[in-house]
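Worksheet: the structure to be examined is printed underneath.
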Amino acid sequence: MKISEHNNYVVLADDRGGFSDFVPFLTTQVKTNFKGKNLVIDLLKYTHITLEELLELVVLSTKHRAAKNSFVIVNNSINPDDIPDEMIVVPTLQEAADIIEMEEIERDLGF
3 MKISEHNNYV
13 VLADDRGGFS
23 DFVPFLTTQV
33 KTNFKGKNLV
43 IDLLKYTHIT
53 LEELLELVVL
63 STKHRAAKNS
73 FVIVNNSINP
83 DDIPDEMIVV
93 PTLQEAADII
103 EMEEIERDLG
113 F
């Protein structure tokens, strides 16, 4: 896994083979090494990912966000209208950084 640390978030990207192998690995890593951190999950390399595959991350996303941390997925191959409200999926890394910044401000203001 490629890890890129920024001021208020960490970008995690797969440097292995397939998405189906990455999801369980990512789940374990987030639970053990990235608790309490804002996360950006870079899935840009998966240009043919399906909505069903992406939904494998919904539980991880929901738990991480329930702990008052951001969990933003970056992928531009799925129609944004098809993505459930429980997940935040944006098409670029810059948009992910912007979302995290907005969520940090909301948390600071008590929302």
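All residue numbers for the sequence shown refer to our numbering, where the first residue is 3 and numbers rise by one.
Glycine is no exception: its CB is placed at the ideal position from the N, C-alpha and C atoms.
For residue i, does the three-state DSSP call read helix, strand or coil?
i   : result
G80 : Note that residue 80 is Ile in the sequence shown, not Gly. DSSP places I80 in coil when its eight states are reduced to three.
I85 : coil
Taking the C-alpha atoms as reference points, what is the distance between residue i and residue j?
i    : j   : result
I101 : F27 : 25 Å
D87  : E7  : 27 Å
V91  : N35 : 22 Å
D16  : Q31 : 12 Å
Is it true that the CB of residue j sits closer than 8 Å to the CB of residue i?
i   : j    : result
V74 : V42  : yes
S22 : T49  : no
K65 : R109 : no
M89 : V61  : no
Mind reading off the beta-carbon distance from residue i to residue j? Whole number of angstroms is fine, and I expect it under 8 Å.
i   : j    : result
N77 : L46  : 6 Å
N10 : E106 : 6 Å
L95 : V12  : About 12 Å; that fails the 8 Å criterion.
S72 : N40  : 4 Å
Subject >> Ordered list of beta strand (DSSP E) runs contained in the segment 5–50, each at least 3 residues >> reply: 12–15, 41–44
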